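In UniProt numbering, the protein residues as written are 1 to 272.
Down below is the structure, laid out as structure tokens.
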């Protein structure tokens, strides 16, 4: 089979922590063509130098608000994986901007198509956006999480509303992880009923690819993913949660927090 005949996957968000792990899994397979969107090709190839001469990979570089770039990336893709996002502490529009670009691009492609088959979009969401998962949390904890990351959740809410508005345009599966951690992999659980406390980026990347490629998930609209750890072992994620909550409250309620954060990051980079 030539590369032109291979099924096509479009990946948006390949340089973020989740996107990198998704891409690592996909690169271990050779039965798909990959159309990869990124803002910086240099950064992408620095992370994955083996992609420089891979004939089954195409790059689409530019701003996520560039409708033409996104349209070219999505054209011909039966499967779209989006892991775009930010940390959620400061006001941001990357999710709603990218959702608008995706919807706009797909509408153009649908108009050009004689017979439109909606592509499948595997979309990085959050367990907080799942009513069942949120209801299982203590109310105070849920309030703290929503308050600390209110900017990110508002951007996500607007983006998801756009993407879910027309099922005849695109079929969406929202992947809803719990707390994300730079931790060793433990394996993962996929569930529509319950989630545990946290998950490593590596496990999330593997879970993303599984739900994208396995046909048994085709009819689902949302699924939770969390690390395969016992309840007591999951408490190791507690310090990370507290640090993230502190950062979220600091950035929301302290005047000049963005400037302070930027200066702190620059100082750390200089020390390193």
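Just so you know, even glycine gets a beta-carbon here, dropped at the ideal spot from N, CA and C.
Small disclaimer: the values here were computed from a predicted structure and weren't measured.
Distance, Cα to Cα, residue i vs residue j?
i           : j           : result
residue 110 : residue 140 : 45 angstroms
residue 103 : residue 86  : 20 angstroms
residue 218 : residue 136 : 26 angstroms
residue 192 : residue 177 : 11 angstroms
residue 244 : residue 208 : 23 angstroms
residue 53  : residue 133 : 43 angstroms
residue 7   : residue 76  : 9 angstroms
residue 95  : residue 159 : 6 angstroms
residue 5   : residue 152 : For residue 5, the pLDDT reaches just 48, beneath the cut-off of 50, and the residue's location in the model is therefore unreliable, leaving the point undetermined.
residue 143 : residue 131 : 13 angstroms
residue 27  : residue 36  : 12 angstroms
residue 114 : residue 105 : 16 angstroms
residue 206 : residue 29  : 12 angstroms
residue 229 : residue 181 : 13 angstroms
residue 49  : residue 138 : 45 angstroms
residue 150 : residue 157 : 10 angstroms
residue 116 : residue 107 : 10 angstroms
residue 183 : residue 69  : 34 angstroms
residue 224 : residue 189 : 8 angstroms
residue 59  : residue 239 : 38 angstroms
residue 93  : residue 129 : 17 angstroms
residue 55  : residue 145 : 44 angstroms
What residues are listed by DSSP as bridge partners for residue i?
i           : result
residue 39  : BP columns for residue 39 are empty, so no partner.
residue 209 : Note: residue 209 sits in no beta bridge, so no partner.
residue 58  : 35
residue 172 : 121
residue 227 : 188
residue 222 : 174
residue 198 : 179
residue 10  : 35, 80
Taking Cβ to Cβ, would you say residue i is nearer than 8 angstroms to residue j?
i           : j           : result
residue 179 : residue 122 : no
residue 118 : residue 171 : yes
residue 11  : residue 34  : yes
residue 202 : residue 21  : yes
residue 101 : residue 147 : no
residue 79  : residue 120 : yes
residue 99  : residue 162 : yes
Under the rule that 16 or more other beta-carbon atoms within 10 Å means buried, what is residue i, buried or exposed?
i           : result
residue 127 : buried
residue 232 : Unreliable placement is indicated for residue 232, whose pLDDT of 49 sits below 50; the coordinate value is still reported in the next sentence. Burial call: exposed.
residue 3   : Bear in mind that a pLDDT of 42 at residue 3, under 50, signals an unreliable position, so the number given afterwards is only what the model happens to contain. With fewer than 16 other Cβ atoms within 10 Å, it is exposed.
residue 155 : buried
residue 187 : exposed
residue 112 : exposed
residue 165 : exposed
residue 31  : exposed
residue 254 : exposed
residue 9   : buried
residue 38  : buried
residue 194 : exposed
If residue i sits next to residue j, beta carbons under 8 angstroms apart, how far is it from one beta carbon to the other, in whole angstroms?
i           : j           : result
residue 168 : residue 185 : Incorrect: roughly 38 angstroms between the Cβ atoms, too far for contact.
residue 13  : residue 82  : 6 angstroms
residue 174 : residue 214 : The pair is not a contact, with the Cβ atoms about 16 angstroms apart (cut-off 8 angstroms).
residue 227 : residue 247 : With a Cβ gap of about 22 angstroms, residue 227 and residue 247 do not count as contacting.
residue 47  : residue 15  : 6 angstroms
residue 41  : residue 61  : 5 angstroms
Let me see if you follow: with CB-CB separation under 8 angstroms, is residue i close to chain B or not?
i         : result
residue 7 : Of the protein chains in this structure there is only one, and it is not chain B.
The ligand SAM and residue i: does any heavy atom of the ligand fall closer than 7 angstroms to the residue's C-beta?
i           : result
residue 106 : You won't find the ligand SAM in this model; it holds no ligand whatsoever.
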